[in-house]
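Under numbering that gives the first Met the number 0, think of the first position of the sequence shown as 0, with each following residue one higher.
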Amino acid sequence: MASIAFETALEDISGIAPRYLTAFKRLNIKTVRDLLYHFPSRYEDYSHVYRIAELEPGQDATIQGEIYEVTGRKTWRRTYYVTEAVITDGEDSIRAVWWNQPYLRNTLRHGARVNISGKVSVNERGELFFSNPAFEFIHAHEEAHDATHTARIVPIYRETHGLTSKGIRYILRPILENVDVEEFLPEAVLEREGFPTLRPALHAVHFPDELAETEAAKRRFAFEDLFLLELTNARERARLSKESALSVPFPAARRKKIISSLPFALTDSQAHALDEILEDIAKPHPMNRLLQGDVGSGKTIVAGIAAMAAGEAKYQTAIMAPTEILAYQHYETFKKFFSDFAGGIALLTGSAARIFLGEGLERETKKAELHSAIRAGRISIVIGTHALIEKKVTLPHLALVVIDEQHRFGVEQRAALMREDAVPHFLSMSATPIPRTLALTIFGNLNVSQITELPKDRKEIITKVVAPENRLKAYAFIKEFVEKGRQAFVICPRIIPSNIEPGGMLDAATLARLDMKNVTEEYEKLSKKIFPDLSVAMLHRKLKPKEKASVMKAFSDGKIDILVSTSVIEVGVDVPNATIMMVESAERFGLAQLYQFRGRVGRGAHQSFCLLFTESTSEATQKRLEAVARAKNGFELAEEDLKLRGPGEFLGTIQTGMPDIAMKALQHPTLIPKARSAAGELLKKGGDYCLSPLLQNKLVAFKKQIHWE
Ligand code: ADP
Ligand code: MG
0 MASIAFETAL
10 EDISGIAPRY
20 LTAFKRLNIK
30 TVRDLLYHFP
40 SRYEDYSHVY
50 RIAELEPGQD
60 ATIQGEIYEV
70 TGRKTWRRTY
80 YVTEAVITDG
90 EDSIRAVWWN
100 QPYLRNTLRH
110 GARVNISGKV
120 SVNERGELFF
130 SNPAFEFIHA
140 HEEAHDATHT
150 ARIVPIYRET
160 HGLTSKGIRY
170 ILRPILENVD
180 VEEFLPEAVL
190 EREGFPTLRP
200 ALHAVHFPDE
210 LAETEAAKRR
220 FAFEDLFLLE
230 LTNARERARL
240 SKESALSVPF
250 PAARRKKIIS
260 SLPFALTDSQ
270 AHALDEILED
280 IAKPHPMNRL
290 LQGDVGSGKT
300 IVAGIAAMAA
310 GEAKYQTAIM
320 APTEILAYQH
330 YETFKKFFSD
340 FAGGIALLTG
350 SAARIFLGEG
360 LERETKKAEL
370 HSAIRAGRIS
380 IVIGTHALIE
390 KKVTLPHLAL
400 VVIDEQHRFG
410 VEQRAALMRE
420 DAVPHFLSMS
430 ATPIPRTLAL
440 TIFGNLNVSQ
450 ITELPKDRKE
460 IITKVVAPEN
470 RLKAYAFIKE
480 FVEKGRQAFV
490 ICPRIIPSNI
500 EPGGMLDAAT
510 LARLDMKNVT
520 EEYEKLSKKI
530 FPDLSVAMLH
540 RKLKPKEKAS
550 VMKAFSDGKI
560 DILVSTSVIE
570 VGVDVPNATI
580 MMVESAERFG
590 LAQLYQFRGR
600 VGRGAHQSFC
610 LLFTESTSEA
620 TQKRLEAVAR
630 AKNGFELAEE
640 DLKLRGPGEF
650 LGTIQTGMPD
660 IAMKALQHPT
670 LIPKARSAAG
680 ELLKKGGDYC
690 LSPLLQNKLV
700 AFKKQIHWE
């Protein structure tokens, strides 16, 4: 094999069959780097070589010997093909049996020396044999530990159809032996932490001689990711501090006037967050800030006041929401709170274009017309969805970009809104309760403001895990509240019922799927049988945007009593009169998601309830659901979830947009500060000039893997 670089595409390596390339693509493995960083999910220890006489039934073991008999035949019903070989180690012999691999008949040759690794089975006559073991020929010049698939600690990988761990090992090993490896971590760090250098680390993680080696290697790889992450963040900070931005003044008197025009007083942490934001955007350098706060903590109004500051300075603000429903709701909020603002507030989504020019002056408009109004600077605040980042939208006076529920947007979208002469201030808002240490790592390029309390008028939401036998009682409870004028959500994990394919397997996972509640059937049941006198509607992502918006509007206007929905309402939706949140098959949702659902209620003056339904009796499920019931705020729940599941799982389900490897890296929390100081040390030596070309390339590659925002 010729020498190979990390960036080499697997297709450019001769000898990998196209069907394997296809299978690798399914695992998202395209380059040599991807392959070498596809770490084993576990190992099987076949390193000890037994004598045949020592074998015991049920054991996983390796033997070494010579093949002296090979036979192949169909079973009597001709459904299986069986290949059998007898192997001797000079003293004893044992049979090995392979099913449905007829080609083995010609591969396993009399007289060949092999390693056999696998489970020792026993037949009805009490004879030991290997069933479908791994085997590997031993060549005369090789030592036993050079084996790849047997007689060693064998790596087991995440597999895919048509690509087994054996296949992966078979392709990976020669590449690993021949790849050009250049160390890119600073020498001082390697020394200080006692990390193995890159080549030995790759060896240790794929083909360890001892399991202990894999731990040190994994720590090194975790550090790699954290180091690249910290370096990326630190450079981003440094870069932005040199960019210029429009400075947004906001005289204290104006500020006071706007705040006093609101129907409520800001909470202390809202006021504090607002101070931080206004102070940032008054500077001639771009702000890069994350505003974190529980669902319902009132982030919108804080962003809104900042947008007003920009508007009064004759600058523009773009506010992006992840869904049309949310964009519409923000628009309504702005109209309500800033009703006498005549600087132009617009809504722009895939299906809607509206302009509001102050009290009573609102109209629907053609998109093209709205585009030109924005371009002419006649609109100060544009609220919308992805529609905002189309080429046709140009904001010549853009000072501030606000992105709600930020992880749904990519870096490209943000870049698309950037102006050439000045970088806009950037405010990202998230209800995802990431514990502070993790937030500082993941979003280390951002400053963080946190809203830690809910508005004082909020009552605690009464949360209960409901057992199946109490279902009818729960329905009666809902009916009572709806008749008093309140509204309810019913959330289901699926849109339509789950099917079993004809002849399909009825395994535990399938059964669990069949049990999952779906919007379509629940809607039928609730509207026809349970609440025939009430107004019930459904909402899910398969509805057309117009239908969705009209259902949502009818619900906001109180014309719908019960809304049966999938998780499309997960983020943001605000209907203060909705006081009951009922979640079906609650075990199917992550804690953070359940917490978000719960935040849909408890937004008005009435007592609210969250009812978590589950058919599952598992103790783990009960524990998780009760954690939601107990949680006082999102950060508290985050800590709990973190404890129950570890950072990888926890963060995985709330989609921070981070790559898996960086998630795994966070499982080594002690490495975080070390990575940060190593990155700082390196940059202090002289900014980007001190980065080797190799490290610069690494950073470029790393950035491509991360699409946070
Ligand atoms: P989130 O942080 O989840 O985006 P919102 O901005 O949607 O929360 O606010 C939730 C509700 O609370 C809205 O109806 C909003 O008008 C209201 N609200 C915001 N701040 C306060 C406050 N300080 N006092 C009372 N209600 C508030
Ligand atoms: Mg919100």
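Ideal Cβ placement from N, Cα and C applies to all residues, glycine included.
For Leu20, the uninterrupted alpha helix (DSSP H) segment begins and ends at 17 to 25.
Bounds of any beta strand (DSSP E) do not take in Met551; it lies within the alpha helix (DSSP H) bounded by 544 to 555. By the criterion of a C-beta distance shorter than 7 angstroms, Ser92 is surrounded in its chain by Ile51, Val85, Ile86, once the five residues flanking it on both sides are discounted. Looking at the backbone, the Cα of Ser164 and that of Ile155 are separated by about 6 angstroms. In the structure shown, the three-state DSSP call for Cys491 is coil. Runs of the alpha helix (DSSP H) lying entirely within the segment 238 to 319, each at least 4 residues long, are 251 to 260, 267 to 280, 298 to 311 in chain order. Between Glu452 and Thr299, the gap from beta carbon to beta carbon reaches 8 angstroms or more. In the three-state reduction of the DSSP assignment, Tyr522 falls in the helix class, which pools H, G and I. Separation of Leu20 and Leu201 (C-alpha to C-alpha, rounded to the nearest whole angstrom) is 22 angstroms. Three or more beta-carbon pairs separated by less than 8 angstroms link the segment 664 to 679 to the segment 229 to 236, which places the two stretches in contact. Take the alpha-carbon of Ile62 and the one of Glu68: they are about 16 angstroms apart. In the DSSP annotation of this structure, the continuous segment of the alpha helix (DSSP H) that includes Val481 starts and ends at 470 to 482. Of the candidates Thr384, Ile276, Pro185, His370, the residue whose Cα lies closest to the Cα of Val392 is His370.
Here Asp403 carries a strand assignment [DSSP, helix/strand/coil]. For the pair Ile579 and Ile495, the CB atoms are not nearer than the 8 angstroms cut-off.
With at least 16 other beta carbons inside 10 angstroms of its own, Val381 counts as buried. Cα atoms of Ser691 and Lys683: separation of roughly 14 angstroms, rounded to the nearest angstrom. Taking a contact to require three or more Cβ pairs closer than 8 angstroms, the segment 286 to 305 and the segment 259 to 277 qualify as touching. Counting other Cβ atoms within 10 Å of its Cβ, Arg288 reaches 16 or more and is therefore classed as buried. When distances are taken from the beta-carbon of Lys298 to the heavy atoms of the ligand MG, the shortest one is below 7 angstroms. Around the beta carbon of Pro321, 16 or more other beta carbons lie within 10 angstroms, which makes this residue buried. When C-alpha distances from Glu404 are compared across Glu389, Pro432, Ile388, Pro395, the shortest belongs to Pro432. Straight across, the Cα-Cα distance linking Ala536 with Ser526 is about 8 angstroms. Following the DSSP letters along the chain, one finds Tyr327 inside the alpha helix (DSSP H) bounded by residues 323 to 336.
In this structure, Asn632 sits away from Gly603, with a CB-CB distance that is not shorter than 8 angstroms. The count of Cβ pairs closer than 8 angstroms, one atom from the segment 164 to 178 and one from the segment 69 to 78, stays below three, leaving the stretches out of contact. According to the DSSP assignment, Thr78 belongs to no beta strand (DSSP E), since it is labelled neither H nor E. Of all alpha-carbon atoms in Ala216, Val550, Ala591, the one lying nearest the alpha-carbon of Ile559 is that of Val550. DSSP, reduced to helix, strand and coil, places Val567 within a helical segment of the structure shown.
Residues Gly357, Glu358 of the same chain have their beta carbon placed closer than 8 angstroms to that of Asp339, with the five preceding and five following residues left out of the count.
The Cβ atoms of Ala203 and Thr213 sit closer than 8 angstroms to each other.
Beta-carbon to beta-carbon, Leu624 and Ala585 are separated by about 6 angstroms, close enough to satisfy the 8 angstroms threshold. Taking one beta carbon from each stretch, the segment 592 to 607 and the segment 447 to 465 have 3 or more pairs nearer than 8 angstroms; the two touch.
Membership of Gly679 in the alpha helix (DSSP H) is indicated by the continuous run 670 to 683.
Closest by C-alpha distance to Leu227, out of Thr440, Ala619, Arg76, Lys472, is Thr440. Taking all protein chains in view, the Cβ of Lys622 is surrounded by fewer than 16 other Cβ atoms within 10 Å, so the residue is classified as exposed.
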